[in-house]
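*Asks:* Residue numbers for the sequence shown follow our numbering, so the first one is 604 and each next one is one higher.
Ideal placement from N, C-alpha and C gives every residue a C-beta, glycine not left out.
Just dropping this structure here.
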Amino acid sequence: MSLKETSEAADAPAKEAKKTAPRKRKQSAKAKPAAAAAKAQPDAARPAAAAPTKEAADEAPREFVMPDLGRLAINLLHAANLGQKAARLLMKNEDAASDMNHTLHDLQRVGKTLMDIAASYMRNPAKIVEAQAALFEGYLNLMSNMTRRLFGEDVPPVAEPSRSDKRFRDPDWQENLVFDLMKQSYLLTSKWMTDRVKLAEGVDPHTREKADFYVRQMANAMSPSNFLFTNPEILRTTLASNGENLVSGMEHLLEDIERGGGHIQIQQTDMSAFRLGENIATTPGKVIYQNDLMQLIQYEPTTEKVYKRPLVIFPPWINKYYILDLGPEKSLIKWCLDQGYTVFVASWVNPDARLALKTFDAYMFEGVYAALDAVEQATGEKEVNAIGYCIGGTLLACSLAHMAQRKDERIKSATFLVTQVDFTEAGELKVFIDEEQISDIERQMHEKGGYLSGSTMATTFNMLRSNDLIWNYVVNNYLLGREPMPFDILFWNSDATRLPSAMHVFYLRECYLENKLAEGRMELGGETLDLGKVKVPVYLQSSREDHISPYPSVYKATRLFGGPVRFICAGSGHIAGVINPPSSGKYNHWTNDDLPPTPDKWFEGAKDNKGSWWPDWEQWLSAKSGPMVAARTPGDGKLKVLEDAPGSYVLVKSED
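Shown next, in the form of structure tokens:
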């Protein structure tokens, strides 16, 4: 996450489709020659028109029409030719040999993990018979069900997708007997596979978690919704357009490979639809300080009076800060300004090999400490309130523990947005965390020049919701031949950042692997960190459907900080659960003044509140922000304006 989440944003393009017409994606200079093959064909061989848009497809009759066989044959050959070119581009990638080695190593890891599961069953042959009987029984019930349907009986399905599964929403998956049979067979088989992992005996928890993740990834990849002849929507579109959708899709694939420098970089949204500082990240402000790791932005006040204590925000550096400033209607930054706060935000650098040796300590000293010094120079105020988001929150927690050791009391309250400080229940990301995989990441970063590529982290987060964030776009872009819709969260999600090697390895080992921060064993900046010595008021925000920072993991912090703690849980996930302005009227949030031992007990006594959690937080924060004073304008203090927001650091792209 997002991490990259963003992930709960996957539904939004479809919703936005009815508001904004799809536009043709802009090709990169490299992609034009490759994709121009279609334009060079004789008129008879070229598609007569662009592939149908989603709106047109939604309005078209749901019929399998007879195509023009001649044009269909020409377009299929054309699409195959473009597909071959795409394959050659992938093979010509200068990193192809290295990528192949990493892929083989990953496959070996997957194979070993699955063999551990298989060995569990081989040690107990009765379990094998039981598993085979379970699968056979499922198929037998399905065939009986389908036979009854053939005779006109209305019968309930043997296997159904979850309500959140968007793959099988086309009516033919339910109404057409053939496609319904394929769907239910697939759902039965994939559930049987995951059940075998869950029921395997004598397997350690980490191996089981990895096996479950790998099996689900394979099952997602093999879904009938991902293939031309087994997806009714793709098949209808292909017949109706004489295969023009496949030609458009292969052109999209070529463009994505060219843009990714020889890797497939799936386009999740129309990247040309947004420009930083013009229609996204538009809240007026100034960069008033910068160093190697960050630019500090001070925003223009929107009220005549402001709270005395400034508000300093430390976003994650795994993604860029403007998730908090997508637009005036979604911007947490703008909303805080309108409530009367002086807002500062750290815009982290997008590091390259020159910053490979920057450590987690450096992010604390050159990030948190430097920001506090700069705020004092800019406003004359030593005392501030602070916000940390995701890994930015983990850094803030570390910094608070470090400051407690040194009797530094400048931060008077801390708000943590979907932040983990205890990583024992850190969700599916722990699948990627063990000593072997961390060592592999270290080698990859060394080969890259000392940093983790942005595409690597983006792929990791996308895999956590591969149906929504990978296969959904494979189907839409490459098989249906449609353009992805403009959507701000997915634009931000695609604007990946790199990570310095030294910092990233420290974070993975110290937090995810060894959980040293929660256990009071982490050493940072010459101090041993103890969260129990952090006495400032803490506000913990979590999200009910968060798969990156699960709310049970966030809740563990209620037992770690030494001061007063307020915990709330918002609806939705890692991104939408945070970016939920009151004006949207979306989702809900749960509150409970008590802090029982477990999150389940907390929910039993929690109140369900409709709408955004922001007002609850602001009521908590305002009481800790001091009296009202005259508004401060960037540049009025000792620090002069360096440039306009959003600044230059956030504009640096990760061309991996």
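Give me the residue from 855, 847 and 1125 with the minimum Cα distance to residue 1008.
*Replies:* As a first step, residue 1008 must be located in the sequence shown, where it is residue number 405. Residue 1125 is the option with its Cα nearest to residue 1008.
*Asks:* Output the distance between the C-alpha atoms of residue 849 and residue 961, rounded to the nearest integer angstrom.
*Replies:* Within the sequence shown, numbered from 1, the residue matching residue 849 stands at position 246. Within the sequence shown, numbered from 1, the residue matching residue 961 stands at position 358. Each residue's Cα considered, the two are about 46 Å apart.
*Asks:* Taking contact to mean at least 3 C-beta pairs separated by less than 8 Å, is the region 1062-1070 in contact with the region 926-934?
*Replies:* Not touching, per the Cβ criterion.
*Asks:* Taking the Cβ atom as the reference point for each residue, do residue 954 and residue 1054 lie within a distance shorter than 7 Å?
*Replies:* In the sequence shown, residue 954 corresponds to position 351, counting from 1. In the sequence shown, residue 1054 corresponds to position 451, counting from 1. For residue 954 and residue 1054, yes; Cβs fall inside 7 Å.
*Asks:* Tell me the DSSP secondary structure of residue 820 in three-state form.
*Replies:* Position 217 of the sequence shown, counted from the start, is the residue given in the question as residue 820. Correct three-state label for residue 820: helix.
*Asks:* Just to confirm my understanding: we take residue 654, look at its own chain, exclude 5 residues before and 5 after, and list those with CB closer than 8 Å. What are they?
*Replies:* Here residue 654 corresponds to residue number 51 of the sequence shown, with the count starting at 1. Note on residue 654: pLDDT 43, under 50, position unreliable in the model; the coordinate value appears next. Excluding sequence neighbours, residue 654 sits near 840, 844, 847, 848, 850, 851, 852, 1083, 1084 and 1085.
*Asks:* For residue 970, which of 855, 984 and 995 has the nearest alpha-carbon?
*Replies:* Taking the first residue of the sequence shown as 1, we reach residue 970 at position 367. Minimum Cα distance to residue 970 is reached at 995.
*Asks:* Pick helix, strand or coil for residue 997, following the three-state DSSP scheme.
*Replies:* Along the sequence shown, one-based indexing puts residue 997 at 394. Of the three classes helix, strand and coil, the one that applies to residue 997 here is helix, per DSSP.
*Asks:* By the 10 Å Cβ neighbour count, where 16 or more other Cβ atoms means buried, how is residue 854 classified, buried or exposed?
*Replies:* Against the sequence shown, residue 854 aligns to sequence position 251. Residue 854 is buried by the Cβ-count criterion.
*Asks:* Look at residue 1177 and residue 1203 and say whether their C-beta atoms are less than 7 Å apart.
*Replies:* If you number the sequence shown from 1, residue 1177 lands on position 574. If you number the sequence shown from 1, residue 1203 lands on position 600. Not a contact, by the Cβ cut-off of 7 Å.
*Asks:* Whole angstroms are fine: how far does the CA of residue 797 sit from the CA of residue 804?
*Replies:* Along the sequence shown, read from residue 1 onward, the residue named residue 804 stands at position 201. Along the sequence shown, read from residue 1 onward, the residue named residue 797 stands at position 194. Roughly 14 Å between the two C-alpha positions.
*Asks:* Tell whether a beta-carbon distance below 7 Å holds between residue 904 and residue 987.
*Replies:* As a first step, residue 904 must be located in the sequence shown, where it is residue number 301. As a first step, residue 987 must be located in the sequence shown, where it is residue number 384. Going by C-beta atoms, residue 904 is not nearer than 7 Å to residue 987.
*Asks:* Enumerate in chain order the residues of its own chain whose CB-to-CB distance from residue 1155 is below 7 Å, with the five nearest sequence positions on each side excluded.
*Replies:* By 1-based counting over the sequence shown, the position of residue 1155 is 552. Same-chain partners within the cutoff: 1028 and 1202.
*Asks:* Strictly by DSSP, which residues pair up with residue 1171?
*Replies:* Translated into positions along the sequence shown, residue 1171 becomes position 568. Looking at the DSSP assignment, residue 1171 forms a beta bridge with 1144 and 1194.
*Asks:* Look up residue 750 in the DSSP assignment and give the residues it is bridged to.
*Replies:* Position 147 of the sequence shown, counting from 1, holds the residue named residue 750. Partner(s): none; residue 750 has no beta bridge.
*Asks:* Here's a check: name, in chain order, each residue in its chain whose Cβ is nearer than 7 Å to the Cβ of residue 1229, leaving out the five neighbours to either side.
*Replies:* Here residue 1229 corresponds to residue number 626 of the sequence shown, with the count starting at 1. Within the same chain, residue 1229 has close Cβ partners 910, 911 and 912.
*Asks:* Please check the pair residue 981 and residue 949, which I expect to be a contact at CB under 8 Å, by giving their CB distance rounded to whole angstroms.
*Replies:* The residue given as residue 981 occupies position 378 in the sequence shown. The residue given as residue 949 occupies position 346 in the sequence shown. 13 Å between Cβ atoms; not a contact.
*Asks:* Using the rule of at least 16 other Cβ atoms within 10 Å of the residue's Cβ for burial, across every protein chain shown, is residue 704 buried or exposed?
*Replies:* One-based indexing of the sequence shown puts residue 704 at position 101. Burial call: exposed.
*Asks:* For residue 835, which of helix, strand or coil comes out of DSSP?
*Replies:* The sequence position of residue 835 within the sequence shown is 232, counting from 1. Three-state DSSP puts residue 835 in a helix.
*Asks:* Would you mind working out which of 753, 789 and 792 sits nearest residue 778, comparing C-alpha positions?
*Replies:* Taking the first residue of the sequence shown as 1, we reach residue 778 at position 175. Checking every option, the nearest Cα to that of residue 778 belongs to 753.
*Asks:* Can you list the beta strand (DSSP E) stretches of 3 or more residues lying completely in the region 966-1035, in chain order?
*Replies:* Runs of the beta strand (DSSP E) inside the region 966-1035: 987-992 and 1014-1020.
*Asks:* Does DSSP put residue 905 in a helix, in a strand, or in coil?
*Replies:* Position 302 of the sequence shown, counted from the start, is the residue given in the question as residue 905. Note: residue 905 maps to coil in three-state DSSP.
*Asks:* If you draw a straight line from the C-alpha of residue 968 to the C-alpha of residue 942, how long is it?
*Replies:* Locating residue 968 in the sequence shown gives position 365, where the first residue counts as 1. Locating residue 942 in the sequence shown gives position 339, where the first residue counts as 1. Straight-line Cα distance between these residues: approximately 30 Å.
*Asks:* Please name the residue, chosen from 862, 1181, 875 and 931, that lies closest to residue 1090 on a Cα-to-Cα basis.
*Replies:* For this step, residue 1090 is matched to residue 487 along the sequence shown. If we check each option's Cα against that of residue 1090, 875 comes out closest.
*Asks:* Within this structure, are the beta carbons of residue 1195 and residue 1205 separated by less than 7 Å?
*Replies:* Counted from its first residue, the sequence shown places residue 1195 at position 592. Counted from its first residue, the sequence shown places residue 1205 at position 602. Closer than 7 Å, so yes.
*Asks:* Rounded to a whole number of angstroms, what is the C-alpha to C-alpha distance between residue 1078 and residue 828?
*Replies:* Here the question's residue 1078 lines up with position 475 in the sequence shown. Here the question's residue 828 lines up with position 225 in the sequence shown. Taking the straight line from one Cα to the other gives about 8 Å.
*Asks:* State the CB to CB distance for the pair residue 952 and residue 896, rounded to an integer number of angstroms; the pair is presumed to be in contact (CB under 8 Å).
*Replies:* Counted from its first residue, the sequence shown places residue 952 at position 349. Counted from its first residue, the sequence shown places residue 896 at position 293. Their Cβ separation, rounded to whole angstroms, is 5 Å, which keeps residue 952 and residue 896 in contact under 8 Å.
*Asks:* Using only CA atoms, which one of 1242, 1197, 1193 and 1097 lies nearest to residue 871?
*Replies:* By one-based count along the sequence shown, residue 871 stands at place 268. Among 1242, 1197, 1193 and 1097, the Cα nearest to that of residue 871 is on 1097.
*Asks:* Between which two residues does the beta strand (DSSP E) harbouring residue 1231 extend?
*Replies:* Indexing the sequence shown from 1 puts residue 1231 at position 628. Where residue 1231 is concerned, the enclosing beta strand (DSSP E) stretches over 1231-1233.
*Asks:* With DSSP run on the structure shown, which of helix, strand or coil describes residue 867?
*Replies:* Translated into the one-based positions of the sequence shown, residue 867 becomes position 264. Three-state result, residue 867: coil.
*Asks:* How about the region 1016-1026 and the region 1131-1148: do they share at least three Cβ pairs that are nearer than 8 Å?
*Replies:* Yes: the two stretches touch, three or more of their Cβ pairs being nearer than 8 Å.
*Asks:* Cβ of residue 1331 within 7 Å of Cβ of residue 1013?
*Replies:* Absent from the structure is residue 1331, since the part of the chain shown begins at 604 and ends at 1259.
*Asks:* Using DSSP with H/G/I as helix, E/B as strand and the rest coil, what is residue 890?
*Replies:* Start at 1 with the first residue of the sequence shown, and residue 890 comes out as number 287. Residue 890: strand per DSSP, three-state reduction.
*Asks:* Under DSSP, the beta strand (DSSP E) around residue 949 begins and ends at which residues?
*Replies:* Looking up residue 949 in the sequence shown gives position 346. From DSSP, the beta strand (DSSP E) with residue 949 extends over 946-951.
*Asks:* Which of the three DSSP states is assigned to residue 932 in this structure?
*Replies:* In the sequence shown, counting from the first residue as 1, residue 932 sits at position 329. In this structure, residue 932 counts as coil in the three-state DSSP scheme.
*Asks:* Start and end of the alpha helix (DSSP H) containing residue 1182?
*Replies:* Translated into positions along the sequence shown, residue 1182 becomes position 579. No alpha helix (DSSP H) holds residue 1182; DSSP gives it neither H nor E.
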